[in-house]
Amino acid sequence: MTAVRERSTLSLHKLGVFCGLAAAVWLGSAEAPTKLVNQGFSPFLISMGMVMGAFVARWTLPTLLKGTGFLFHDLYEKPHLIVWALLGGMLWAVANTLTIFAVRDVGLAIAFPLWNTNSLVGLFWGWLLFKELRGAGAKNWAKVLGGAAGIVGGAAILAVATAQHSATPEKAMFGIIAALGAGVLLGTMYIPYRKAYISGMNPLSFVTIFTFGELGTVFTLGLIFYGSAGNLVAELHRARPMLFWPFLGGFCWVIGDLFQNFAAKYIGIGRGIPLSNTNQLWGLAWGALVFSELSGLSLNAKLLILAGSAIMIAGAVAISMASPKESELVNWKLAMNRECDRYKLNHAAVATVVGGDDPHSNDPHPRRWWEIVVMCLAVSVFVWLAIGTRSQSIPMNMTWMFVLIVGTIIPLGVCGTMLWRRTRFS
Amino acid sequence: MNRSTIVAILTDAHLWVPVAVLIFGTTLLMTLR
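Note that the protein sequences, when read in sequence, are chains A and B.
Going by the numbering used here, the letters in the first sequence line up with residues 1 to 426, in that order.
Going by the numbering used here, the letters in the second sequence line up with residues 1001 to 1033, in that order.
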């Protein structure tokens, strides 16, 4: 039986919706390891630890799934997209640092819904630059825009109900500006994503370059904030006993981000990003069920959480039902043709890849010796960090932790299998 | 990359929108820190 005969016929819209939801599960669960970090370290340092973990994951997962031969071939065919991949990583790094400032100044309650507006920014860029939702009809517009607004609104309610209010009101204006700025940057980050995918690039190739922009910018910001390389290294050394946890969070984050990238590829950023933004529900589940963070909340706050969650879920359902019609798909094709004409790409080949059927996906990609080295290095980094990790005395509900870990692994298995069977990870 | 690809990149609005937003975000970050 050949690999080609085994291809699933699942619609790309359904596949993209599942990817968006799986992204939400993993992006939300990525917060869990960072909760194991005791107080005493700056959020910037924790974020830097996550980016370093993400760097390791962004090289190992694509190498494991496709092999470096496939990745290099993909990048060689579309070298212009390296610019956008680096740019995307830089946008993410600056945005993430702004979110840290926003939380510091106004608290999560105000900051989170403000930067969660990134899905609306992404929706706007998708419409303006990539012809998403053009010709979609009033019904689909209402589902997507209403769904995105519902997810932002639900996020606002959840944040208000769960987070503590800021003790520094004099900085409120700065915090609000930082959160809104982060929303604009995160929403704009999806321009490189979408551009890469309507040009036929594989998400796994894209993220291997994206991570250089991400890591380079975070280290540059670290040098600026800590004054010198010596100070930065000293801080990292001091944080050594806890670095395993943000590394692990970064690893989980990359799995979520990969699903998010596949969602952006198959259903566009207007639909994919709001779906992955429901990650707050999963972060909340970890906080409430495993770390008992909501135990002191009033009945009103708990009702607000239920209402916010229901609104978010309704928003996600609305978007998942907004399958693009032929009149919209024509516009998606026009956006793809623009890229092909501008960068002299083969229209037919790109259309095949955009349709989830990369002609190179069935080619044999012999494994190289350095791929084993990459794997060994990645495993060694995690083992080395785990050995030096100090145990954290944080009360946890082990039963719920087990349930949520299983609930996180199931979407990985299900969605990963769907992606493999339908697209061979193309 | 050949010259025509470089020109295509530099004249692409898809490049300058994120670049402008990145400059805006970096300026904001340096102002707020």
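Virtual Cβ for every residue (Gly too), placed ideally from N, Cα, C.
Quiz item: Where does Trp1014(B) sit, in a helix, a strand or coil, going by DSSP?
Solution: Taking the second sequence and counting its residues from 1, one reaches residue 1014(B) at position 14. Note that residue 1014(B) is His in the sequence shown here, rather than Trp. DSSP, read as helix, strand or coil, puts His1014(B) in helix.
Exercise. Say whether chain A places a C-beta atom closer than 7 Å to the C-beta of Thr1027(B).
Key: Walking along the second sequence from the start, residue 1027(B) turns up at place 27. No, its Cβ sits nowhere closer than 7 Å to a Cβ of chain A.
Exercise. Could you work out which residues of chain D lie near Ala178(A), taking near to mean beta carbons separated by less than 9 Å?
Key: Looking for chain D here will not work: the only protein chains present are A and B.
Quiz item: To the nearest angstrom, how far is it from the Cα of Leu243(A) to the Cα of Ser228(A)?
Solution: Locating residue 243(A) in the first sequence gives position 243, where the first residue counts as 1. Locating residue 228(A) in the first sequence gives position 228, where the first residue counts as 1. Take the alpha-carbon of Leu243(A) and the one of Ser228(A): they are about 20 Å apart.
Quiz item: Between the C-alpha atoms of Thr417(A) and Gly256(A), what's the straight-line distance to the nearest angstrom?
Solution: Sequence index remark: in the first sequence, residue 417(A) carries index 417 (1-based). Sequence index remark: in the first sequence, residue 256(A) carries index 256 (1-based). When rounded, the distance between both Cα atoms is 15 Å.
Practice problem: Inspect the beta-carbon positions of His365(A) and Gly69(A) and report whether they are closer than 7 Å. | Solution: Taking the first residue of the first sequence as 1, we reach residue 365(A) at position 365. Taking the first residue of the first sequence as 1, we reach residue 69(A) at position 69. His365(A) places its beta carbon less than 7 Å from that of Gly69(A).
Quiz item: Which two residues bound the contiguous alpha helix (DSSP H) that contains Ser342(A)?
Solution: Taking the first sequence and counting its residues from 1, the one referred to as residue 342(A) is at position 342. Just to set this straight, residue 342(A) is Arg in the shown sequence, not Ser. Segment Glu326 to Tyr343, the alpha helix (DSSP H) holding Arg342(A).
Quiz item: When the cut-off is 7 Å and only beta carbons count, does Leu1010(B) lie next to chain A?
Solution: Residue mapping note: residue 1010(B) aligns to position 10 of the second sequence, counting from 1. Chain A contact via Cβ: absent.
Quiz item: Asp358(A) by DSSP, collapsed to three states: which one?
Solution: In the first sequence, the residue the question calls residue 358(A) occupies position 358. The three-state secondary structure of Asp358(A), taken from DSSP, is coil.
Practice problem: Quick one: grab the DSSP three-state call for Gly175(A). | Solution: Residue mapping note: residue 175(A) aligns to position 175 of the first sequence, counting from 1. If DSSP states are grouped into helix, strand and coil, Gly175(A) belongs with the helices.
Quiz item: Nearest to Phe112(A) by CA position, among Val403(A), Leu133(A), Leu123(A) and Leu98(A), is which residue?
Solution: Within the first sequence, numbered from 1, the residue matching residue 112(A) stands at position 112. Nearest option by C-alpha distance: Leu98(A).
Quiz item: Rounded to a whole number of angstroms, what is the C-alpha to C-alpha distance between Leu1015(B) and Ile1009(B)?
Solution: As a position in the second sequence, residue 1015(B) is number 15, starting the count at 1. As a position in the second sequence, residue 1009(B) is number 9, starting the count at 1. Near 7 Å, if we compare the C-alpha coordinates of Ile1009(B) and Leu1015(B).
Quiz item: So, is Met189(A) buried or exposed, given that buried needs 16 or more other C-beta atoms within 10 angstroms?
Solution: For this step, residue 189(A) is matched to residue 189 along the first sequence. Buried is the call here.
Quiz item: Terminal residues of the continuous alpha helix (DSSP H) containing Thr34(A)?
Solution: As a first step, residue 34(A) must be located in the first sequence, where it is residue number 34. For Thr34(A), the uninterrupted alpha helix (DSSP H) run begins and ends at Glu31 to Thr34, by DSSP.
Quiz item: CB-CB under 7 Å to Val350(A), same chain, minus the five flanking residues each way: which ones, in chain order?
Solution: Position 350 of the first sequence, counted from the first residue, corresponds to residue 350(A). Hits under 7 Å: Ser199, Gly200, Met336 and Cys340.
Quiz item: Mapping DSSP to helix, strand and coil, what is Gly296(A)?
Solution: Translated into the one-based positions of the first sequence, residue 296(A) becomes position 296. In the structure shown, Gly296(A) sits in coil (DSSP, three-state: anything other than H, G, I, E or B).
Practice problem: Using three-state DSSP, classify Asn140(A) as helix, strand or coil. | Solution: Here residue 140(A) is taken as the residue at index 140 of the first sequence, counted from 1. In the three-state scheme derived from DSSP, where H, G and I count as helix and E and B as strand, Asn140(A) is classed as helix.
Self-check item: Cβ-based burial, Pro359(A) [other Cβ within 10 Å; buried from 16]
Solution: Taking the first sequence and counting its residues from 1, the one referred to as residue 359(A) is at position 359. When all chains shown are included, Pro359(A) counts as exposed.
Practice problem: To the nearest angstrom, report how far apart Ala3(A) and Leu12(A) are at their CA atoms. | Solution: Counting from 1 along the first sequence, the entry for residue 3(A) is found at position 3. Counting from 1 along the first sequence, the entry for residue 12(A) is found at position 12. Because Ala3(A) sits at a pLDDT of 45, beneath the cut-off of 50, its placement in the model cannot be relied upon, and the point is left open.
Quiz item: Does DSSP put Arg368(A) in a helix, a strand or coil?
Solution: Taking the first residue of the first sequence as position 1, residue 368(A) is located at position 368. Assignment of Arg368(A) by DSSP, reduced to helix, strand and coil, places it in the coil class.
Self-check item: Span separating the alpha-carbon of Leu10(A) from that of Glu326(A)
Solution: On the first sequence, position 10 is the one that residue 10(A) refers to. On the first sequence, position 326 is the one that residue 326(A) refers to. Within the model, the alpha-carbon separation for Leu10(A) versus Glu326(A) is close to 17 Å.
Exercise. Could you tell me the distance, in whole angstroms, from the CA atom of Ala264(A) to the CA atom of Gly16(A)?
Key: Mapped onto the first sequence, residue 264(A) falls at position 264. Mapped onto the first sequence, residue 16(A) falls at position 16. Answer to the nearest angstrom: the Cα atoms are 7 Å apart.
Quiz item: Taking just the CA atoms, how far does Ser29(A) sit from Asp105(A)?
Solution: On the first sequence, residue 105(A) is found 105 positions in, with the first residue counted as 1. On the first sequence, residue 29(A) is found 29 positions in, with the first residue counted as 1. Cα to Cα, Asp105(A) sits roughly 25 Å from Ser29(A).
Quiz item: In this structure, does DSSP put Met1(A) in helix, strand or coil?
Solution: Position 1 of the first sequence holds residue 1(A). Residue confidence for Met1(A) is low, a pLDDT of 40 falling below 50, so the modelled location carries little weight; the figure read from the coordinates is stated next. The answer is coil: DSSP assigns Met1(A) none of H, G, I, E or B.
Quiz item: Are the stretch 73-87 of chain A and the stretch 206-222 of chain A touching by the rule of at least three beta carbon pairs closer than 8 Å?
Solution: Counting Cβ pairs under 8 Å, three or more are found: they touch.
Quiz item: Residues of chain B with CB under 8 Å from His441(A), in chain order?
Solution: Residue 441(A) is absent from the structure shown; chain A starts at 1 and stops at 426.
Exercise. Specify the secondary structure class of Met50(A) as computed by DSSP and reduced to three states.
Key: Walking along the first sequence from the start, residue 50(A) turns up at place 50. Three-state result, Met50(A): helix.
Quiz item: So what does DSSP say about Ile394(A), is it helix, strand or coil?
Solution: The residue labelled residue 394(A) in the question sits at position 394 within the first sequence. Three-state DSSP puts Ile394(A) in coil, outside helix and strand.
Practice problem: Quick one: which residues of the stretch 341-359 of chain A get their C-beta closer than 9 Å to a C-beta of chain B? List them in chain order. | Solution: When C-beta distances to chain B are compared with 9 Å, the residues of the stretch 341-359 of chain A below that value are Arg342, Tyr343 and Lys344, in chain order.
Self-check item: Cutoff 7 Å; reference Met401(A); Cβ partners in own chain excluding five residues on either side
Solution: One-based indexing of the first sequence puts residue 401(A) at position 401. Cβ neighbours of Met401(A) within its own chain (closer than 7 Å, five residues either side excluded): Val290.
Quiz item: Around the Cβ of Asn231(A), are there at least 16 other Cβ atoms within 10 angstroms (buried) or fewer (exposed)?
Solution: Numbered from its first residue, the first sequence carries residue 231(A) at position 231. With fewer than 16 Cβ atoms within 10 Å of its Cβ, Asn231(A) is classed as exposed.
Quiz item: What is the DSSP secondary structure of Met1001(B), counted as helix, strand or coil?
Solution: Counting from 1 along the second sequence, the entry for residue 1001(B) is found at position 1. Met1001(B): coil per DSSP, three-state reduction.
Quiz item: Using the C-alpha atoms, what's the distance from Ala161(A) back to Gly296(A)?
Solution: What you label residue 296(A) is simply residue 296 of the first sequence in a count that begins at 1. What you label residue 161(A) is simply residue 161 of the first sequence in a count that begins at 1. Rounded to whole angstroms, the separation of the alpha carbons of Ala161(A) and Gly296(A) is 12 Å.
Quiz item: Is Asn1002(B) buried or exposed, if buried means 16 or more other CB atoms sit within 10 Å of its CB?
Solution: Walking along the second sequence from the start, residue 1002(B) turns up at place 2. Label assigned to Asn1002(B): exposed.
Quiz item: What does Ala239(A) reach in chain B if we use C-beta pairs closer than 8 Å?
Solution: Residue mapping note: residue 239(A) aligns to position 239 of the first sequence, counting from 1. Result: empty, since nearest Cβ-Cβ is about 20 Å, beyond 8 Å.
Quiz prompt | Alpha carbon of Val373(A) to alpha carbon of Ala386(A), nearest angstrom | solution = On the first sequence, position 373 is the one that residue 373(A) refers to. On the first sequence, position 386 is the one that residue 386(A) refers to. For the pair Val373(A) and Ala386(A), the Cα-to-Cα distance works out to about 20 Å.
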